[in-house]
Amino acid sequence: MNLRPHIDKFVRRFAEVEALLSSPAAFDNPQRAQELSREYARLKELVTAGHAYLKAVADLADNRALLAAETDSELSALAKEDVARLEIEEQQLALDLQRGLVPRDPADSRNTIIEIRAGAGGQESALFAADLYRMYTRYAEARAWRVEAMDSSPSDLGGFKEIIFGVTGQDVYKRLKYESGVHRVQRVPATEAQGRIHTSTATVAVLPEAQEVDIEIKTDDLDISVCRASGKGGQGVNTTDSAVRIVHKPTGLEVRCADERSQQKNKIKALTVLRSRLLERKIAEENAKYAAQRKSQVGTGDRSEKNRTYNFPQNRVTDHRIELTLYNLMQFIDGDIDGLVEPLMANDLNEKLGALEA
1 MNLRPHIDKF VRRFAEVEAL LSSPAAFDNP QRAQELSREY ARLKELVTAG
51 HAYLKAVADL ADNRALLAAE TDSELSALAK EDVARLEIEE QQLALDLQRG
101 LVPRDPADSR NTIIEIRAGA GGQESALFAA DLYRMYTRYA EARAWRVEAM
151 DSSPSDLGGF KEIIFGVTGQ DVYKRLKYES GVHRVQRVPA TEAQGRIHTS
201 TATVAVLPEA QEVDIEIKTD DLDISVCRAS GKGGQGVNTT DSAVRIVHKP
251 TGLEVRCADE RSQQKNKIKA LTVLRSRLLE RKIAEENAKY AAQRKSQVGT
301 GDRSEKNRTY NFPQNRVTDH RIELTLYNLM QFIDGDIDGL VEPLMANDLN
351 EKLGALEA
């Protein structure tokens with residue numbers, strides 16, 4: 001792909017946005033100013049990458065020419081080293097620029113709400129849901145993201161029938177949105193006395209956190225009730241009416257939050273989850289490739305539905321969307337998931353670039 005025309009386009013648009021932001025009138029509309037500021041930051045990165053890419057291409061051509069003409073073994077060795085380094089640099093910069101050609105998902109920079117629910121498999125499914133929760137929290141810790149629990153429904157053996165949590169940080173949704181779907185596990189459960197391998201599932205829904213400007217929620221549309229939090233509350237959380245349940249009457253969506261001791265904090269968290277679910281529904285309705293309900297993201301949780309399989313006896317994890325298998329399951333389940341996150345992002349980019357060229 002000839003990237004020079006695209007780099008020139010980035011440079012022109014960068015100058016336009018810079019001029020717009022230099023005008024005091026740009027800040028008369030705070031939302032528009034915020035959008036321009038985000039575009040400015042993105043274009044600045046692309047322009048910098050574009051200039052670096054053109055320099056790498058020129059340096060690579062010079063070193064290849066030097067390598068072809070040079071007879072001195074020492075200079076040839078140096079040129080070979082430079083060619084190898086520049087080829088990697090050129091490929092990475094080209095990839096960064098190609099990503100810039102695809103319209104950016106406005107949700108990519110959003111904080112994220114993740115909902116994990118046990119699917120088929122009873123107690124083993126709930127234990128697997130807890131494993132996935134731990135996997136994502138470990139991944140978040142490695143990337144210096146902040147994880148905040150919102151609500152959970154523990155199972156008898158220490159798993160989760162359901163757990164909802166928020167993740168805050170840079171590019172959270174951009175990296176985690178591909179985790180949505182049915183996750184299937186094949187292993188010998190702790191509850192299995194005969195040593196037989198069982199297959200269970202859990203569903204994962206990844207929702208970009210909505211802001212008030214995205215979704216307007218009218219007070220009259222809400223049915224808000226409070227109740228006593230259940231489960232292991234310790235000093236007070238399950239002895240006061242702190243849990244909050246909100247039903248959005250127009251859609252029937254229901255959200256419950258009981259993680260905080262404060263009723264007001266639980267209400268704020270519940271509204272955040274509700275707003276994000278409504279935003280996801282709005283996006284789904286606008287985009288034909290998604291169904292209108294949340295089920296479009298996670299399916300039914302049946303064993304036959306799967307985005308990914310975690311096979312413990314064979315130490316492998318397979319993502320069925322890109323047919324990629326890794327044989328490092330224990331590291332993967334411990335939070336080292338970039339081995340699939342990066343290929344999923346690259347696959348999505350290639351599909352979008354293909355659509356642009358079609």
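The working numbering numbers the first residue of the sequence shown as 1 and each following residue consecutively.
Backbone N, C-alpha and C fix where the C-beta goes; we use that ideal spot for every residue, glycine too.
The model shown is predicted, which means the values in this text are computed figures rather than measured ones.
Buried versus exposed call for residue i [16 or more other C-beta atoms within 10 Å across all chains shown]
i, result
"T203", "buried"
"K307", "Just to set this straight, residue 307 is Asn in the shown sequence, not Lys. That one is buried."
"M150", "buried"
"G158", "exposed"
"S200", "buried"
"Y310", "buried"
"F27", "exposed"
"A190", "exposed"
"N2", "exposed"
"C227", "exposed"
"L46", "buried"
"L132", "buried"
"T252", "Looking at the sequence shown, residue 252 is not Thr but Gly. Result: exposed."
"D259", "buried"
"A355", "exposed"
"P208", "buried"
"A291", "Low per-residue confidence applies at A291: pLDDT is 37, beneath 50, and the placement is therefore not dependable, though the value from the model is reported in the following sentence. With fewer than 16 other Cβ atoms within 10 Å, it is exposed."
"K218", "exposed"
"R134", "exposed"
"R32", "exposed"
"A126", "buried"
"E280", "buried"
"E254", "exposed"
"A428", "What is shown of the chain runs 1 to 358, which leaves residue 428 out entirely."
"A140", "buried"
Start and end residues, beta strand (DSSP E) containing residue i
i, result
"P313", "Where P313 is concerned, there is no enclosing beta strand (DSSP E), given that its DSSP letter is neither H nor E."
"R184", "G181 to R187"
"R117", "T112 to A118"
"A243", "A243 to H248"
Local conformation of residue i per DSSP, three classes
i, result
"I337", "coil"
"E48", "Reading off the sequence shown, one finds Thr at residue 48, where the question assumed Glu. T48: helix per DSSP, three-state reduction."
"L157", "coil"
"A107", "coil"
"T272", "helix"
"A258", "coil"
"T191", "coil"
"D151", "strand"
"S37", "helix"
"P208", "strand"
"R426", "Only positions 1 to 358 of the chain appear in this structure, which leaves residue 426 out of reach."
"G169", "coil"
"I283", "helix"
"T219", "helix"
"E162", "strand"
The alpha helix (DSSP H) enclosing residue i, as first and last residue numbers
i, result
"R138", "G122 to A142"
"R99", "S73 to L101"
"D8", "R4 to L21"
"R321", "Where R321 is concerned, there is no enclosing alpha helix (DSSP H), given that its DSSP letter is neither H nor E."
"R175", "V172 to L176"
7 Å Cβ shell around residue i - same chain, five flanking residues per side excluded
i, result
"K295", "Residue placement at K295 is flagged as unreliable, the pLDDT there being 48, under the threshold of 50; a coordinate-derived value is accordingly withheld."
"D221", "H248, K249 and P250"
"E70", "S76 and A79"
"V57", "E90"
"R138", "D334 and G335"
"A142", "G335"
"L349", "Q98, R99 and V102"
Nonlocal neighbours in the same chain, by C-beta distance under 8 Å from residue i, ignoring five residues either side
i, result
"L344", "Y178, D319, R321 and I322"
"N347", "R321 and I322"
"K267", "I224, V244, I246 and C257"
"A94", "M1, L3 and Y53"
"I215", "R275, L278, L279 and K282"
Same chain, Cβ closer than 6 Å to residue i, five either side skipped, listed in chain order
i, result
"L326", "V317 and G339"
"V188", "G195 and I197"
"R256", "D151 and R245"
"L66", "A79"
"N315", "Y327 and L329"
"K352", "V102"
"F14", "L43 and V47"
"F128", "V185, S200 and A202"
Could you say if the stretch 182-189 and the stretch 148-168 meet the contact criterion of at least three C-beta pairs nearer than 8 Å?
No: the two stretches stay apart, fewer than three of their Cβ pairs being nearer than 8 Å.
Is there contact here, the stretch 100-117 with the stretch 33-53, by at least three beta-carbon pairs under 8 Å?
yes
Counting pairs of beta carbons, one from the stretch 85-92 and one from the stretch 107-124, are three or more of them closer than 8 Å?
Judged by Cβ distances under 8 Å, the stretch 85-92 makes no contact with the stretch 107-124, as fewer than three pairs qualify.
Examine the Cβ distances between the stretch 8-21 and the stretch 40-53 and report whether three or more of them are shorter than 8 Å.
yes
The stretch 246-264 contacting the stretch 61-77, beta-carbon criterion three pairs below 8 Å:
no
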